[in-house]
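In this note's numbering, the protein residues as written are 7 to 221.
Take a look at the structure set out below.
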Ligand code: DX5
Ligand code: ZN
């Protein structure tokens with residue numbers, strides 16, 4: 007059974023409070039919040055003010071995925087906004103070890119996200135500093151894209167290394183997750199499934215979350 011992290015990106019942005027309420031009443035574990043800066047990825051979403059506004063309306067873990075350059079500039083700001091997990095991209099962090107340490111020191115769980123082109127062995131030397139590895143199974147920037155099949159092999163290789171090092175780092179999959187790939191991802195070693203379009207685009211999001219949770 008995986009943790010389920012619906013992504014706000016695919017929700018109706020005029021109804022954020024009702025999205026939070028729906029998740030509160032669902033079996034979702036985390037609330038995945040995609041922050042984009044128009045530089046690291048070719049899209050803009052929302053930042054600290056929106057997360058801070060949502061915080062009192064949600065009972066879920068706030069899983070904040072930063073798709074921004076120089077994410078270390080905003081670690082304390084996202085803590086203040088209500089982030090529980092703060093994930094920075096390998097490709098956006100020159101001093102990744104320092105950023106991960108600073109995230110933990112700020113009182114949050116630390117996360118690293120990897121673009122599809124990045125090899126998992128690039129983060130083996132900082133796994134002990136990492137609570138969550140977010141493997142991107144699409145190119146970040148947009149919801150509703152097709153799942154990249156190569157992801158399964160990356161999950162297996164990463165899981166083997168986490169076990170080898172005796173760690174409890176979680177593996178999160180982000181992008182194109184649906185009932186077509188969720189079971190195989192879990193079997194490969196995934197611990198957390200992000201789902202945007204599959205949840206918020208369905209006719210009954212609460213049931214869709216329950217269905218993913220039951221796998
Ligand atoms: C993409 C974001 C994802 C996105 C996933 O850049 O990081 O979290 O919301 O959306 P789906 O599940 O629709 O691919
Ligand atoms: Zn994301």
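Quick reminder that beta carbons are idealized off the backbone N, C-alpha and C, glycines included.
- In this structure, DSSP gives residue 211 a helical state, which the three-state scheme calls helix.
- By alpha-carbon distance to residue 205, the top candidate from 8, 15 and 168 is 15.
- Comparing C-alpha distances from residue 99 to each of 29, 86, 121 and 90 shows the shortest one belongs to 121.
- Spatial neighbours of residue 102 in its own chain (CB-CB distance under 8 Å, excluding positions within 5 residues in sequence) are listed in chain order as 94, 96, 118, 129 and 132.
- In the three-state scheme derived from DSSP, where H, G and I count as helix and E and B as strand, residue 7 is classed as coil.
- Between residue 105 and residue 134, the alpha-carbon positions lie close to 13 Å from each other.
- Going down the chain, each residue whose beta-carbon is closer than 5 Å to a heavy atom of the ligand ZN shows up: 40, 71 and 180.
- At a cut-off of 3 residues, the continuous stretches assigned as beta strand (DSSP E) that sit fully inside the region 114 to 159 are 115 to 120 and 138 to 142.
- The beta carbon of residue 47 is closer than 7 Å to those of 73, 146 and 147 in its chain, skipping five residues each way along the sequence.
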